[in-house]
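Worksheet for the structure shown next.
Numbering (this note's numbering), first residue to last: 722 to 866.
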């Protein structure tokens, strides 16, 4: 199963939407350089969400875009939530990620939840650790290895 990267998003602060910066450097055992969620102290260094999930919310009438759910990488063509923990993903020429968590617990209701009555990141977002760093950009292939 292979797909592609639709957006590469970062934010300087936690609990905010991320901005599509189009390409970024992923650092081994850290995350995206300059992103508020990056840390070697967590297994959730990178967050991924499928455009197919975002499109579901658009279908409910929401005006949302990649990054609005605070995901780092928006993907297309790969069933992220079906991936078992421990799955390795390659992105582009260099980057290798290891899936570490499917979904998350939301301790507070985000703006999207209040707008739509639901949020997809807790159910359909996944998290990964950076095993091999490198650059990631829009259009890069993402595949299970």
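Each residue gets a CB set at the ideal place from its N, CA and C atoms; glycine is no exception.
Non-local C-beta neighbours of residue 772 in its own chain, meaning closer than 6 Å and more than five positions away in sequence, comprise 727, 795, 797, ordered along the chain.
Annotation: the continuous beta strand (DSSP E) that includes residue 809 extends over 809–812.
Within the DSSP secondary-structure output, residue 804 pairs in no beta bridge.
Three or more pairs of CB atoms, one per stretch, sit closer than 8 Å, so the region 764–783 contacts the region 811–826. For residue 858, the enclosing beta strand (DSSP E) has its first and last residue at 855–858.
Per the DSSP secondary-structure output, residue 748 pairs in a beta bridge with 752. Where residue 738 is concerned, there is no enclosing alpha helix (DSSP H), because DSSP gives it neither an H nor an E. Out of 806, 865, 786, 857, the CA that lies nearest to the CA of residue 749 is found in 857.
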